[in-house]
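*Asks:*
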DNA sequence: AGCCCATACCTTTCGGCTCAAGGTATCATA
DNA sequence: TATGATACCTTGAGCCGAAAGGTATGGGCT
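Protein chains in written order, with our numbering: chain G, 1 to 114; chain X, 115 to 228.
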């Protein structure tokens, strides 16, 4: 497998990045992604919750329950393992988008330099 | 559907961009993407051919058969409709990647400016 | 002549991600 | 008391891309 489904994992990337900055809960993350990207990207709860659970299972996140106004919120924070994973995702994201950008901006190909 | 599967269509984008620069055939496109992106992105024939067929069906490409060294090649060129489609894909790509980049680079959130 | 690799086309199958939609429960408000 | 907002979650379907397999010709090697 050369490209591990080469564009996937962006939700994971965004979520880890948000949680690295501050402890947050699921419903809050959904809203935060919308506002932070000015509605360019809008992930539903059906995307966010499974990602949170998977990341916690892998040990990249840890959670604690907290009651606020009678409602229970599950707050997540990034573990050291999560930081490592985030760094890798960022590097991969940068590498791939740079490559695509170079490919689509290039005038045509290796033009003969005089 | 807010994000029409918001990261898809990159193969389509790359293929249209290559064909905009010059007429090419499938097998050649597969190799070109590998070299142009320095192996960062490597699309197999199982990705490229279906995209070519779909684009032609939609009228974004047109093809002509050409015999070279006894072998038949199917060369593709971009139609006006394809140019329009390409422009849209580039705009969408730029918009989304910029949004993600802004989100992951941002120090934390709206920090209070003094 | 016989064999294998490269070229060149194509399709099928599988897995994974995302989205939409639905399901539960509590609190505030009208 | 009913509706909407908050907050959690799961399920179903759809689509895309990856891998692998399938056909056929030409060139090179032995």
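Glycine included, every Cβ here is placed at the ideal spot set by N, Cα and C.
Under a Cβ-count criterion, where at least 16 other Cβ atoms within 10 Å of its own Cβ denotes burial, should residue 36/G be classed as buried or exposed?
*Replies:* Burial call: buried.
*Asks:* So for residue 103/G, helix, strand or coil by DSSP?
*Replies:* Correct three-state label for residue 103/G: helix.
*Asks:* Counting only beta-carbon atoms, is residue 220/X nearer than 9 Å to chain G?
*Replies:* So, interface residue.
*Asks:* Where does residue 94/G land, buried or exposed, given buried means 16+ other C-beta within 10 angstroms?
*Replies:* With fewer than 16 Cβ atoms within 10 Å of its Cβ, residue 94/G is classed as exposed.
*Asks:* Would you kindly check if the distance between the Cβ of residue 200/X and the Cβ of residue 230/X is under 9 Å?
*Replies:* Examination of residue 230/X is not possible in this model, given that chain X is present from 115 through 228 alone.
*Asks:* Could you name each continuous beta strand (DSSP E) segment of 3 residues or more that falls completely within the segment 14-92 of chain G, going from the start of the chain to the end?
*Replies:* With a minimum length of 3 residues, the continuous beta strand (DSSP E) runs that stay inside the segment 14-92 of chain G are 61-68, 71-78.
*Asks:* Between residue 203/X and the rest of its own chain, which residues show a CB-CB distance below 8 Å, the 5 nearest in sequence each way excluded?
*Replies:* Here the set comprises 123, 126, 127, 130.
*Asks:* Name the residue from 218/X, 140/X, 173/X whose alpha carbon lies nearest to the alpha carbon of residue 157/X.
*Replies:* Of 218/X, 140/X, 173/X, the residue nearest in Cα terms is 140/X.
*Asks:* Please confirm whether residue 85/G has its beta-carbon closer than 9 Å to some beta-carbon of chain X.
*Replies:* It does not: the Cβ of residue 85/G has no partner Cβ on chain X nearer than 9 Å.
*Asks:* At 9 Å on the CB atoms, spell out the chain X contacts of residue 77/G, in chain order.
*Replies:* None at all; the shortest Cβ gap to chain X is about 14 Å.
*Asks:* Starting from the beta carbon of residue 131/X, find every residue of chain G whose beta carbon is closer than 8 Å, and list them in chain order.
*Replies:* Those within 8 Å of residue 131/X in chain G are 103, 104.
*Asks:* In chain X, which residues lie less than 8 Å from residue 137/G when you measure between Cβ atoms?
*Replies:* Chain G is shown from 1 up to 114; residue 137/G falls before or after that span and cannot be answered.
*Asks:* Residue 175/X versus chain G: which residues are under 8 Å apart at the beta carbon?
*Replies:* The contacting residues do not exist; residue 175/X stays about 17 Å from chain G at best.
*Asks:* With a CB to CB cut of under 6 Å and the five nearest residues on each side skipped, what residues in its chain are close to residue 99/G?
*Replies:* Contacts found: none.
*Asks:* Within the 9 Å Cβ cut-off, does residue 36/G reach chain X?
*Replies:* Yes, contact with chain X.
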